[in-house]
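**Q** Dropping the structure in here first, questions after.
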Amino acid sequence: MASCSHPAVPPKHADLEKDSVLQAISSMMLKEADTEDVISVVDSAETAGVIDNLHARLIRAKAYGRTESGFLQARSICEELLQDPHLSPEDEADILEYLCYLCVIFAG
Amino acid sequence: MRTDDLGEVEYGLRFVQVCESLGDSMRAVPVQADMGSSLVRIGRDEDGLLKINDAISKLDGEKGFFYLDAGIKTRKSLIRTYIDLERYLDVVPVAQEIISRLEDYAAAPEAYADSSPNLPGDHNRPGYVDFYTAQALAFITYAYAAEGMRKEAQEYNARFEKTRYSKTFGGRKMISSAWPLLGEYDRMLSFYDELQRRWGADTLHADYAIMLENRALAAKSKGRYREALGYMQRYSSLADKLNDSQNKAMIQDYVAKYRYQEQKMALERERVAVRRSRSIALGASAGALVCLILLGIILQYVILVRRKNKALVSQISENVILQREKVDASALNGNPELSSLSDAQLFEYLRYEIVTNNLYADSRLDRQFLMDRYHLSKERIGSAFSHGSPYQSLAAFLNVVRLKKAAKMLSSSPEMSISDVASACGFSSGSLFARNFKQYFALTPTEFRQNPSSFKDMVK
Numbered sequence: 005m006a007s008c009s010h011p012a013v014p015p016k017h018a019d020l021e022k023d024s025v026l027q028a029i030s031s032m033m034l035k036e037a038d039t040e041d042v043i044s045v046v047d048s049a050e051t052a053g054v055i056d057n058l059h060a061r062l063i064r065a066k067a068y069g070r071t072e073s074g075f076l077q078a079r080s081i082c083e084e085l086l087q088d089p090h091l092s093p094e095d096e097a098d099i100l101e102y103l104c105y106l107c108v109i110f111a112g
Numbered sequence: 064m065r066t067d068d069l070g071e072v073e074y075g076l077r078f079v080q081v082c083e084s085l086g087d088s089m090r091a092v093p094v095q096a097d098m099g100s101s102l103v104r105i106g107r108d109e110d111g112l113l114k115i116n117d118a119i120s121k122l123d124g125e126k127g128f129f130y131l132d133a134g135i136k137t138r139k140s141l142i143r144t145y146i147d148l149e150r151y152l153d154v155v156p157v158a159q160e161i162i163s164r165l166e167d168y169a170a171a172p173e174a175y176a177d178s179s180p181n182l183p184g185d186h187n188r189p190g191y192v193d194f195y196t197a198q199a200l201a202f203i204t205y206a207y208a209a210e211g212m213r214k215e216a217q218e219y220n221a222r223f224e225k226t227r228y229s230k231t232f233g234g235r236k237m238i239s240s241a242w243p244l245l246g247e248y249d250r251m252l253s254f255y256d257e258l259q260r261r262w263g264a265d266t267l268h269a270d271y272a273i274m275l276e277n278r279a280l281a282a283k284s285k286g287r288y289r290e291a292l293g294y295m296q297r298y299s300s301l302a303d304k305l306n307d308s309q310n311k312a313m314i315q316d317y318v319a320k321y322r323y324q325e326q327k328m329a330l331e332r333e334r335v336a337v338r339r340s341r342s343i344a345l346g347a348s349a350g351a352l353v354c355l356i357l358l359g360i361i362l363q364y365v366i367l368v369r370r371k372n373k374a375l376v377s378q379i380s381e382n383v384i385l386q387r388e389k390v391d392a393s394a395l396n397g398n399p400e401l402s403s404l405s406d407a408q409l410f411e412y413l414r415y416e417i418v419t420n421n422l423y424a425d426s427r428l429d430r431q432f433l434m435d436r437y438h439l440s441k442e443r444i445g446s447a448f449s450h451g452s453p454y455q456s457l458a459a460f461l462n463v464v465r466l467k468k469a470a471k472m473l474s475s476s477p478e479m480s481i482s483d484v485a486s487a488c489g490f491s492s493g494s495l496f497a498r499n500f501k502q503y504f505a506l507t508p509t510e511f512r513q514n515p516s517s518f519k520d521m522v523k
């Protein structure tokens, strides 16, 4: 995830760490790494507090959703996330967009 | 009909609403196009195609990689929809447009640079361009093959084979639907073996059903009728599952939900439009009311001034008539004993003399002139004018007589200049005439001459 700070201002340490982790996960998914490996990295990042629970669950869903066998699991995680009463509109948009993507991919 | 179309419609509608609430409706455009495809699959062809084409127009109107990418994906939705509707020849120009846009992008990628997270770097760009080009070529091959235009289909198939994706699993999946139509059953069967290894057991998926149908066709073409029958039975069973009554009920439910959402959005748009037109109408009414009030005030003022003028004119006329009645007729016609006349009679006599003999036309006419001509004392003349007439003095009387004569002359003799009129009526100078005229008639001699009819009562 790109930092929104001014280029002249170095990003906070936590943000930098979060960006690195997210980039690493994204890269793993692009390289079609095993779902279990991706999930393991996400779990560690969540335990270390680098990413929050909501985002960790969404990334897990995206990891599962890369394969047809994981489609139902990915969809079910996203549907659970949508029930969260504290969901921000931005997060809701991200989840819905991903759900639409899943439906398109597996509808044809 | 595929089960996930329902999810697409449901989540798509919700996503559009969330994007609108976030003020980012463009983000929802590609999803709207996918919803259009789903709508077509649930039997709402016109609504669906309208939604997809509307999304393409919106995306084509914007610059940058995000919109290029979304436009390509949206065109793919349109192509799949045309294939579902068996409108194969409509597929060709849409796929060709994808290829043309990718060529533009490859030629000048800097023109598309934006902050899109999917923007490929220099290294990945050829892969991006080749992937979607291969997919477009596969679509065209399939469309021509399905339409029975074998020559064109082979030509595009050959172009597809030259792409780097022709040998990959994903690439072969793209083109595999065209193989049975081109009679390449062995190739198709070999690919399906691979597909089945990857997918495992039967699945509730339309592509799997297509595969079974194609396997049946292939087996039949080779004379393996028992095998073909087996595939057809499996195909038929899966097709039934994909079209079962429960799905149909769900479709109706989602169609109803979709219609409700659409109506809600249309009502909201209508409400906004009504509020806007009400505001405009209210503003226009207020403006018109103010204009009417102003017009009324002006009209009232004009009427009031005219009434005052008329009252003044009739008062003057009445006074003159009254004064005339008081004069002894003999004083006017014979050679009267002036000293025995009352002030009013004497005034009337002098008025008659001054007017009928045109004495007023002499600018030198004054009290002394009258004293000498009629053998009257200074006091007697003064008293005749101050007590026997509505005028304060001889000078005031002469001024009114001269002005009225001048007014008549201005209207009856348009060829005379203003200064000639002034001189002919006994004014010693043009400026004195102009000043007194303006004071008496409230307008200049020139203005009076332009519209004398409005003042005819005043000059009698």
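Sequence lines, in order, name chains L and H. Under the numbering used here, the first residue of the first sequence is numbered 5, with each subsequent residue one higher. Under the numbering used here, the first residue of the second sequence is numbered 64, with each subsequent residue one higher. By construction, the Cβ of each residue, glycine as well, lies at the ideal position given by its N, Cα and C atoms. Since the structure is predicted, the reported quantities are computational estimates derived from the model, not experimental observations.
1) Quick one: what does DSSP say residue 90 of chain L is sitting in, helix, strand or coil?
2) To which residues of the same chain is residue 281 of chain H closer than 7 Å at the C-beta, ignoring the five residues directly before and after it?
3) Look at the Cβ atom of residue 241 of chain H, then the Cβ atom of residue 204 of chain H, and state whether they are nearer than 7 Å.
4) Please compile the residues from chain H whose C-beta is within a distance smaller than 7 Å of the C-beta of residue 100 of chain L.
5) Any idea what DSSP makes of residue 102 of chain L, helix, strand or coil?
6) From the beta carbon of residue 94 of chain H, is the nearest beta carbon of chain L less than 7 Å away?
7) How many Å lie between residue 109 of chain L and residue 70 of chain L at the Cα?
8) Hey, could you find the ends of the alpha helix (DSSP H) residue 232 of chain H is sitting in?
9) Taking 7 Å as the CB-CB cut-off, is residue 129 of chain H touching chain L?
10) For the region 89-100 of chain L against the region 70-80 of chain L, do three or more pairs of beta-carbon atoms, one drawn from each stretch, fall closer than 8 Å, so that the two count as touching?
11) Take every Cβ of the region 456-465 of chain H, pair it with every Cβ of the region 422-436 of chain H, and state whether three or more of those distances are shorter than 8 Å.
12) Using a Cβ-Cβ distance under 7 Å, would residue 144 of chain H count as near chain L?
13) Within 8 Å, do at least three Cβ pairs link the region 446-457 of chain H to the region 402-421 of chain H?
14) Does any C-beta atom of chain H lie closer than 7 Å to the C-beta of residue 97 of chain L?
15) Counting only beta-carbon separations shorter than 7 Å, does residue 89 of chain L have a partner in chain H?
16) Buried or exposed for residue 432 of chain H, please, with buried defined as at least 16 other CB atoms from any protein chain shown within 10 angstroms of its CB.
17) Are at least three pairs of beta-carbons, each pair with one atom in the region 139-159 of chain H and one in the region 174-190 of chain H, less than 8 Å apart?
18) So with Cβ pairs under 7 Å, would you call residue 58 of chain L a contact of chain H?
19) Strictly below 7 Å CB to CB, what residues from chain H border residue 108 of chain L?
20) Leaving aside the five residues before and after residue 50 of chain L along the sequence, list all residues of the same chain whose C-beta is less than 6 Å from its C-beta, in chain order.
21) Applying the 10 Å Cβ sphere with the 16-neighbour rule, what's the burial state of residue 114 of chain H?
22) Determine the contact status of residue 298 of chain H and residue 330 of chain H, defining contact as a CB-CB distance below 7 Å.
23) Counting only beta-carbon atoms, is residue 275 of chain H nearer than 7 Å to chain L?
24) Please state if the CB of residue 489 of chain H and the CB of residue 402 of chain H are separated by a distance shorter than 7 Å.
25) By the three-class DSSP mapping on this structure, what secondary structure does residue 136 of chain H have?
26) Given that residue 26 of chain L touches chain H, what residues does it touch there, using C-beta distances under 9 Å?
27) Give the DSSP-derived three-state secondary structure of residue 39 of chain L in the structure shown.
28) Smallest Cα separation from residue 120 of chain H: which of H:216, H:207, H:135, H:441?
29) Where does residue 435 of chain H sit, in a helix, a strand or coil, going by DSSP?
30) With a threshold of 6 Å on Cβ separation, who are the neighbours of residue 509 of chain H within its own chain once the five nearest residues in sequence on each side are excluded?
**A** Once the coordinates are examined:
1) coil
2) 243, 248, 251, 252
3) yes
4) 74, 77, 78, 81
5) helix
6) yes
7) 10 Å
8) 232-239
9) no
10) no
11) yes
12) no
13) yes
14) yes
15) no
16) exposed
17) no
18) no
19) 71, 97
20) 60
21) buried
22) no
23) no
24) no
25) helix
26) None at all; the shortest Cβ gap to chain H is about 11 Å.
27) helix
28) H:135
29) helix
30) none
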